[in-house]
């Protein structure tokens, strides 16, 4: 486990499976269209193109996404507890069957967003 970041390489359309990538840092990396099935707690993504990336059956607890393109990203069956997203494009992003406990998007707890949505649905 290294603190050396992936800095600038093109990794689009790559597949990462059965990998221990805990605490890995991705900075300025093109991961567009990649498929990720890995152990990635405490990973950090900064200034990355992740459009169309798929995360499945993955541990992303305490992950940080800063200034990244998460458009059309799909995250399924993942642990996202304590994760943080800020300054990101979330256009057409899909999150399904994930543990979102303590996850924050732009400073707002996801549980608060979901509660507000549920309340609004009851009022309709």
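Numbering (the working numbering), first residue to last: 794 to 917. The beta carbon of each residue, even a glycine, is placed where N, CA and C say it ideally should be. Just so it is clear, the structure is predicted and the values come from calculations on it, not from any experiment.
With a threshold of 16 other CB atoms inside 10 Å of the CB of residue 880, please say whether the residue is buried or exposed.
-> The residue is exposed, with fewer than 16 neighbouring Cβ atoms inside 10 Å.
Are there 16 or more other CB atoms within 10 angstroms of the CB of residue 885, so buried, or fewer, so exposed?
-> exposed
For residue 887 and residue 795, the rounded distance between their alpha carbons | Model confidence at residue 795 stands at a pLDDT of 49, short of 50, so the residue's coordinates are unreliable and nothing is read from them.
Near residue 878, what residues of its chain come up, given a Cβ to Cβ distance below 6 Å and the 5 sequence neighbours on each side ignored?
-> 858 and 898
Would you mind sorting residue 803 into buried or exposed? The rule is 16 or more other CB atoms within 10 Å of its CB.
-> exposed
Helix, strand or coil at residue 803 [DSSP, three-state] | strand
For residue 905, the three-state DSSP class (helix, strand or coil) = helix
Locate the beta strand (DSSP E) running through residue 887, then write down its first and last residues.
-> 887-889
Candidates 855, 851, 848 and 841: which alpha carbon is nearest residue 861's?
-> Residue nearest to residue 861 within the set 855, 851, 848 and 841 is 841 (criterion: CA-CA distance).
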